[in-house]
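Chain order of the listed sequences is A and B. Counting from 1, position 40 in the first sequence corresponds to residue 207 in our numbering; the numbering is continuous, with no gaps. Counting from 1, position 92 in the second sequence corresponds to residue 194 in our numbering; the numbering is continuous, with no gaps. Ideal Cβ positions, reconstructed from N, Cα and C, are used throughout, including at glycine. The structure displayed is predicted, hence computed values, not measured ones.
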Amino acid sequence: MSTNDKQLAPARRRFMTQAGALTFSGVAVAMLGGRSTALAAGTTDEAIEQDVRILNTAIAAEHEAVAAYQLGAESGLLEPGVLKVAVTFQGHHKEHIDALAKAVRSLGGTDVHARNEYNFPVDKLKGQSDVLQFAAGLERGAVSAYAGAIPLFGNRDLSAAAASILADEAMHWAVLRNALGLDPVPGAFFS
Amino acid sequence: MLMTRHPAAAAILVAIVPLVLSLSVAATPPVDLAAGEASYAKCMGCHSPEYNRTGPLHCGLLGRESGAVQFFDYSEAMRGAGLIWNAETLDRFLAAPLEMVPGTSMGFAGIADDEERRNLIAWLATLNSSSDECREVLSPRTGSP
């Protein structure tokens, strides 16, 4: 890195963070505007109800992910550095829930809440790699779940929002695979 | 050539050739269980064989009525669907869940590839009481379906 590059780096970093934040709030705004877009497009009540059902199924899966990371974080099996990453990922899932729940409410629906308990293979989590593998499986599943939901939304703003969440979960999956010593990106297509 | 000149033989050939052709069309390749299991990764965001998660558990699926897993909160649509899950109904459902059961909460577009569905359904069929994963779930003692 040249001196020039070094001087540029902080500014570039700041720019990148701001660009990232802008992208997210852009999506959040689109989701919040769900109702008006839907109505403007003449979307039927039935289509809106279907969107709400799809969103709520996604929210249910996100709640499960939050609970799973909580289990991992409290397991005492994670090294400090890994724990930090797990807590960050859990935070992303919480943000997904907030955004999706807002979308449900803006469509006149009621968002589903977390269950009191989840069935996790607790007896199989004996070390850090078991926890990482468990989390990686959930993230991989989430990628498929969003890939399967995106074509179904009546309101395309919701498809865009789901795609932005899918991208985040795919990154989680790759990082977790990398931490497990696996090929982080084992292919060109995932559905 | 000699045979076909005989009217009776020709008639037999006319009758047999389409039969043989249709048999060879019907003779689909053997199912690939490993491919079916790999395909199940697409379901694991919401399902597992032995636990209710966002979707209901799949142990014992083949032969079960739709909407019948204990302690799972189905949509009204699925509760009223009145299906028996077998190779034929699963094939239609997994191709386009929302078309077969409008109002279902399974927000998943489906699997377009015929062969992928066939392999997946064959693998789902192995989730019976003789599989390691499902033995306990399906044992009458635990009271689960």
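Taking 8 Å as the CB threshold, leucine 200(B) lines the interface with chain A. A direct Cα-to-Cα measurement between serine 326(A) and leucine 250(A) gives close to 31 Å. Serine 311(A) reaches chain B at Ala143, Lys144, Gly147, counting residues in chain order whose Cβ is nearer than 7 Å. Sequence-distant partners of alanine 316(A) (beyond 5 residues in either direction) whose C-beta falls short of 7 Å from its own C-beta, in its chain, are Ile221, Ala225, Ala329.
Using a Cβ distance threshold of 8 Å, asparagine 154(B) and asparagine 286(A) count as a contacting pair. Taking 4 residues as the minimum length, the alpha helix (DSSP H) runs contained wholly in the segment 202–278 of chain A are 212–241, 247–273, in order along the chain. At a cut-off of 8 Å between C-beta atoms, threonine 224(A) counts as an interface residue with respect to chain B. Across the structure, aspartate 175(B) and leucine 319(A) are spaced so that their CA atoms are roughly 22 Å apart.
Spanning the alpha carbons of leucine 349(A) and alanine 136(B) requires a straight line of approximately 20 Å. Spatial neighbours of leucine 244(A) in its own chain (CB-CB distance under 8 Å, excluding positions within 5 residues in sequence) are listed in chain order as Leu292, Lys293, Gly294, Gln295, Asp297, Val298. Taking the CA atoms as reference points, aspartate 265(A) sits about 18 Å from threonine 156(B). Its chain contains Val310 as the residues whose beta carbon lies nearer than 6 Å to that of phenylalanine 357(A), once the 5 sequence neighbours on both sides are disregarded; these appear in chain order.
Taken through DSSP and simplified to helix, strand or coil, glutamate 336(A) comes out as helix. Considering only Gln257(A), Gly308(A), Asp278(A), the residue with the shortest C-alpha distance to leucine 267(A) is Asp278(A).
In the three-state scheme derived from DSSP, where H, G and I count as helix and E and B as strand, glutamate 167(B) is classed as strand. Excluding residues up to 5 positions away in sequence, Tyr236, His339 lie with their Cβ nearer than 7 Å to the Cβ of phenylalanine 256(A) in the same chain. Counting along the chain, no alpha helix (DSSP H) covers aspartate 134(B), and no H or E run does either. Think of a sphere of 9 Å around the beta carbon of serine 207(B): the chain A residues whose beta carbon falls inside it are Arg220, Ile221, Asn223, Thr224, Ala227, in chain order.
Not a single C-beta of chain B is nearer than 8 Å to the C-beta of leucine 343(A).
Residue nearest to cysteine 161(B) within the set Trp225(B), Ser141(B), Glu152(B) is Glu152(B) (criterion: CA-CA distance). For secondary structure counted as the alpha helix (DSSP H) over 4 or more consecutive residues, the segment 169–212 of chain B holds these complete runs in sequence order: 178–181, 189–197, 199–202. Two segments are said to touch when three or more pairs of C-beta atoms, one from each, lie closer than 8 Å; by this definition the segment 211–219 of chain B does not touch the segment 234–242 of chain B. Boundaries of the alpha helix (DSSP H) harbouring glycine 315(A): 295–316, taken from the DSSP string. When DSSP states are grouped into helix, strand and coil, leucine 229(B) belongs to the coil group.
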